[in-house]
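Worksheet for the structure shown next.
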Amino acid sequence: MPIFEFKDIAFEEEKDKVRLIFLRIFYTYIGKDELREIGNFRISEHSVEFPDTKENYAAKKFNALLLKSFSNLTNSITKKKTVYIHQNSGIPLIGNSYIGLIDRNTSIIELRIITGCNLDCIYCSVDQNVRPVDFVVEKDYLVSEFKKLVKHKGINDIEAHIGTQGEPLFYEPLAELIHDLSQIEEVGMISVDTNGTILTKTKVDELVNSGLKRFNFSINAVDAKLAEEIAGCRYNIQHILDILHYIASKKVKLIITPVWIPGINDKEIPKLIELSKELKCDIGIQNFLEYEFGKNPAKEMQWEEFIEKMKKLEKDHNLKLLFDFKKDFNIRATKPLPKPFQKGDIIKARIVCPGRLKAETLAVADDRNISVHGYGGEFGKTVKLKITREKHNIFYGILIN
Ligand code: SF4
Numbered sequence: 061m062p063i064f065e066f067k068d069i070a071f072e073e074e075k076d077k078v079r080l081i082f083l084r085i086f087y088t089y090i091g092k093d094e095l096r097e098i099g100n101f102r103i104s105e106h107s108v109e110f111p112d113t114k115e116n117y118a119a120k121k122f123n124a125l126l127l128k129s130f131s132n133l134t135n136s137i138t139k140k141k142t143v144y145i146h147q148n149s150g151i152p153l154i155g156n157s158y159i160g161l162i163d164r165n166t167s168i169i170e171l172r173i174i175t176g177c178n179l180d181c182i183y184c185s186v187d188q189n190v191r192p193v194d195f196v197v198e199k200d201y202l203v204s205e206f207k208k209l210v211k212h213k214g215i216n217d218i219e220a221h222i223g224t225q226g227e228p229l230f231y232e233p234l235a236e237l238i239h240d241l242s243q244i245e246e247v248g249m250i251s252v253d254t255n256g257t258i259l260t261k262t263k264v265d266e267l268v269n270s271g272l273k274r275f276n277f278s279i280n281a282v283d284a285k286l287a288e289e290i291a292g293c294r295y296n297i298q299h300i301l302d303i304l305h306y307i308a309s310k311k312v313k314l315i316i317t318p319v320w321i322p323g324i325n326d327k328e329i330p331k332l333i334e335l336s337k338e339l340k341c342d343i344g345i346q347n348f349l350e351y352e353f354g355k356n357p358a359k360e361m362q363w364e365e366f367i368e369k370m371k372k373l374e375k376d377h378n379l380k381l382l383f384d385f386k387k388d389f390n391i392r393a394t395k396p397l398p399k400p401f402q403k404g405d406i407i408k409a410r411i412v413c414p415g416r417l418k419a420e421t422l423a424v425a426d427d428r429n430i431s432v433h434g435y436g437g438e439f440g441k442t443v444k445l446k447i448t449r450e451k452h453n454i455f456y457g458i459l460i461n
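Converting from the sequence shown to our numbering requires adding 60 to each position, the first position being numbered 1.
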């Protein structure tokens, strides 16, 4: 009797459809009439059973339904259409800045595991409101591609840096991912960026026990009203402070990473420095920068001015605030990852899915994905592209006839 079981999918019966909850925060539907076309069916929490249907037939039909339903996957937090990238999706993990793996030819490999955020920060460099599509990557696919990059580098003490255009804590298999990364001999540091809002003490323990070595924790104000104004939505500063104190009591590194937004949180910076002293953790103050597709509530400070101000704060608070990132974070240059294309190349690529920005699609060629603007046609088509920008194996292209 064919039974299809899925650890990552929960099934819930509704009136005339079945809701599929994937990795806790994503959902899609299959119509009951579509399931009935395969045969009588029974739904359990993590399985679907077709007691009267032949195995091969049921498998073929059910897989097709599953595939179709996943093309309508939605993120329940952001309410956005979501693309699931997995081993069989035909989408390579290298090529763009928001999902997959980024190798900037150093000892850090960035893992962009999920997009989407629960906050709406007024300074967000990746303004979620102009990004109508979310992405999530299969954990095993990430790990196997990550291992290939590790082998290519041929060094030890690699940092696996889990960061996203959003909040990585929404990634359901985060602890499993950290565990798998911790089993790779060449990995010496595993860090995760977080806004801390959905962290609990239990989650902190789970991540630390899985092998997490550092939290990079964003906090931009300690004043409750201002913290909420900056977050752009309800924000419980007391929870954030409680969690920070809990992390500080654990055997894991903690760095708080406020963004200094001129004219907005100037008075909070000294308070955050004192907070870092209280927590006995590092503080990495970041200079707010303006971005084309980000929110820009202030003018960015010139670099020289920022450095001057930081030097003064160092004196006032008797604390190191300026870091030599290479030295202080053990970042080393590594063998460059080969680039299949250069700026100006004309290539053939297959359009596979929407991109994150409006009017953006992702195309695939030579084990890389390429962000293409202005394509209005169907997915699956092969097109001619001109590579317009390339850096660190992140590619942009335009269509040519
Ligand atoms: S927490 Fe980060 S990703 Fe989320 S809205 Fe704020 S700045 Fe943007």
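Don't be surprised by glycine CBs; every beta carbon is placed ideally from N, CA and C. Please read these numbers as outputs of a predicted model, since none were measured by experiment.
For this session: Reducing DSSP to helix, strand and coil, say where K121 ends up.
Result: As a first step, residue 121 must be located in the sequence shown, where it is residue number 61. When DSSP states are grouped into helix, strand and coil, K121 belongs to the helix group.
Exercise. CB E420 to CB V412, shorter than 8 Å?
Worked result: Here residue 420 is taken as the residue at index 360 of the sequence shown, counted from 1. Here residue 412 is taken as the residue at index 352 of the sequence shown, counted from 1. Cβ distance not < 8 Å, so E420 and V412 don't count as in contact.
For this session: Could you give the DSSP three-state label for V186: helix, strand or coil?
Result: As a working mapping, residue 186 is identified with position 126 in the sequence shown. V186: coil per DSSP, three-state reduction.
Exercise. First and last residue of the alpha helix (DSSP H) that includes H377?
Worked result: Indexing the sequence shown from 1 puts residue 377 at position 317. Start and end: 363-377.
Exercise. Excluding five sequence neighbours on each side, which residues of the same chain lie with their C-beta closer than 7 Å to the C-beta of F439?
Worked result: Looking up residue 439 in the sequence shown gives position 379. Result list for F439: I411, V412, C413, in chain order.
Exercise. Could you check where the beta strand (DSSP E) with A287 kicks off and where it finishes?
Worked result: Numbered from 1 along the sequence shown, position 227 holds the residue referred to as residue 287. It is not in any beta strand (DSSP E) - A287 instead sits in the alpha helix (DSSP H) that spans 284-291.
For this session: List the endpoints of the continuous alpha helix (DSSP H) containing N429.
Result: Here residue 429 is taken as the residue at index 369 of the sequence shown, counted from 1. Careful: N429 lies outside any alpha helix (DSSP H), inside the beta strand (DSSP E) at 428-433.
Exercise. In three-state terms, what does DSSP make of A52?
Worked result: Outside the modelled stretch of the chain, which goes from 61 to 461, sits residue 52, for which no answer is possible.
Exercise. Using a Cβ-Cβ cut-off of 8 Å (strictly less than) and excluding sequence neighbours within five positions of L161, which residues of its own chain qualify?
Worked result: By one-based count along the sequence shown, residue 161 stands at place 101. Cβ neighbours of L161 beyond the five flanking positions: L153, I154, I169, E170, L171, R172, L202, E205, F206, L209.
Exercise. Between the beta-carbon of I250 and the beta-carbon of T394, is there less than 8 Å?
Worked result: Start at 1 with the first residue of the sequence shown, and residue 250 comes out as number 190. Start at 1 with the first residue of the sequence shown, and residue 394 comes out as number 334. Cβ atoms of I250 and T394: not closer than 8 Å.
Exercise. Which first and last residues belong to the beta strand (DSSP E) in which F277 is found?
Worked result: Here residue 277 refers to the residue found at position 217 when the sequence shown is read from its first residue. Residues 274-277.
Exercise. In chain order, what residues of the same chain have a beta carbon less than 6 Å from the beta carbon of G292, not counting five sequence neighbours either side?
Worked result: In the sequence shown, counting from the first residue as 1, residue 292 sits at position 232. Taken in chain order, the residues that qualify are D180, C181, I182.
Exercise. Beta carbon of I343, beta carbon of I316: below 8 Å?
Worked result: Within the sequence shown, the letter at position 283 stands for residue 343. Within the sequence shown, the letter at position 256 stands for residue 316. Yes, the Cβ-Cβ distance between I343 and I316 is below 8 Å.
Exercise. Residues in its own chain within less than 6 Å of R449 by CB, not counting five upstream and five downstream?
Worked result: In the sequence shown, counting from the first residue as 1, residue 449 sits at position 389. These residues qualify, in order along the chain: Y456.
Exercise. Going by beta carbon distance, what residues of the same chain come within less than 8 Å of K337, once the five residues before and after it are set aside?
Worked result: Taking the sequence shown and counting its residues from 1, one reaches residue 337 at position 277. Only H377, L379 meet the Cβ criterion.
Problem set entry | I98, enclosing alpha helix (DSSP H) - first and last residue | Residue mapping note: residue 98 aligns to position 38 of the sequence shown, counting from 1. From DSSP, the alpha helix (DSSP H) with I98 extends over 92-98.
Problem set entry | F353 classed as buried or exposed, judged by whether at least 16 other C-beta atoms fall within 10 angstroms | The count along the sequence shown starts at 1 and reaches residue 353 at position 293. With fewer than 16 other Cβ atoms within 10 Å, it is exposed.
Exercise. Taking the alpha carbon of N276 as the point to measure from, which residue in G323, I244, I222 has its own alpha carbon closest?
Worked result: To locate residue 276, count along the sequence shown from 1; it is residue 216. Ranking the options by Cα distance to N276, first place goes to I222.
Exercise. Which two residues bound the contiguous beta strand (DSSP E) that contains A70?
Worked result: Translated into the one-based positions of the sequence shown, residue 70 becomes position 10. Counting along the chain, the beta strand (DSSP E) containing A70 begins and ends at 69-73.
For this session: Determine the DSSP secondary structure at E420, reduced to helix, strand or coil.
Result: Locating residue 420 in the sequence shown gives position 360, counting from the first residue. Looking at E420 - three-state DSSP - the assignment turns out to be strand.
Exercise. Looking only at its own chain, which residues have a Cβ that is under 7 Å from the Cβ of Y87, when we skip the five neighbours before and after it?
Worked result: Position 27 of the sequence shown, counting from 1, holds the residue named residue 87. Excluding residues within five positions, the ones whose Cβ falls inside 7 Å are R79, L80, I81, T134, S136.
Problem set entry | Outcome for T175 when other beta-carbon atoms lying within 10 angstroms are tallied against a minimum of 16 | Within the sequence shown, the letter at position 115 stands for residue 175. T175 should be labelled buried.
Problem set entry | Beta-carbon proximity list for R416, same chain, < 6 Å, skipping 5 on both sides | Here residue 416 corresponds to residue number 356 of the sequence shown, with the count starting at 1. Excluding residues within five positions, the ones whose Cβ falls inside 6 Å are Y158, R191, V193.
Exercise. For V268 versus V319, is the C-beta distance shorter than 8 Å?
Worked result: Position 208 of the sequence shown, counted from the first residue, corresponds to residue 268. Position 259 of the sequence shown, counted from the first residue, corresponds to residue 319. Their beta carbons are not under 8 Å apart, which means V268 does not touch V319 by this criterion.
Exercise. Taking just the CA atoms, how far does F230 sit from L272?
Worked result: Sequence index remark: in the sequence shown, residue 272 carries index 212 (1-based). Sequence index remark: in the sequence shown, residue 230 carries index 170 (1-based). Each residue's alpha carbon lies about 16 Å from the other.
For this session: Compute every distance between the C-beta of G214 and the non-hydrogen atoms of ligand 1, then say whether any falls below 7 Å.
Result: Walking along the sequence shown from the start, residue 214 turns up at place 154. Not under cutoff, so the answer is no.
Problem set entry | Nearest-angstrom beta carbon gap, H146 and E198 [assumed within contact, 8 Å] | Residue 198 sits at position 138 when you count from the first residue of the sequence shown. Residue 146 sits at position 86 when you count from the first residue of the sequence shown. By a beta-carbon distance limit of 8 Å, E198 contacts H146. Their separation comes to about 4 Å.
Problem set entry | When G436, N453, L382 are compared against L459, the one with the closest alpha-carbon | The residue you call residue 459 lines up with position 399 of the sequence shown. The shortest Cα separation from L459 among G436, N453, L382 belongs to G436.
Problem set entry | Pairwise C-alpha distance: L127 and T113 | Indexing the sequence shown from 1 puts residue 113 at position 53. Indexing the sequence shown from 1 puts residue 127 at position 67. Whole-angstrom Cα-Cα distance: 20 Å.
Exercise. Quick one: is the Cβ of K186 within less than 7 Å of any heavy atom of ligand 1?
Worked result: Here the question's residue 186 lines up with position 126 in the sequence shown. For the sequence presented, residue 186 should be read as Val rather than Lys. Because some heavy atom of ligand 1 lies under 7 Å away, the Cβ of V186 counts as near it: yes.
Exercise. N461: beta carbon under 7 Å from a heavy atom of ligand 1?
Worked result: Reading the sequence shown from its first residue, position 401 is the one you call residue 461. No, the beta carbon of N461 sits no closer than 7 Å to any heavy atom of ligand 1.
Exercise. In terms of residues, what are the limits of the alpha helix (DSSP H) holding Y201?
Worked result: The sequence position of residue 201 within the sequence shown is 141, counting from 1. Its alpha helix (DSSP H) spans residues 199-213.
For this session: Answer with buried or exposed for K355, where buried requires no fewer than 16 other C-beta atoms within 10 angstroms of its C-beta.
Result: The residue you call residue 355 lines up with position 295 of the sequence shown. Buried, since its Cβ has 16 or more Cβ neighbours within 10 Å.
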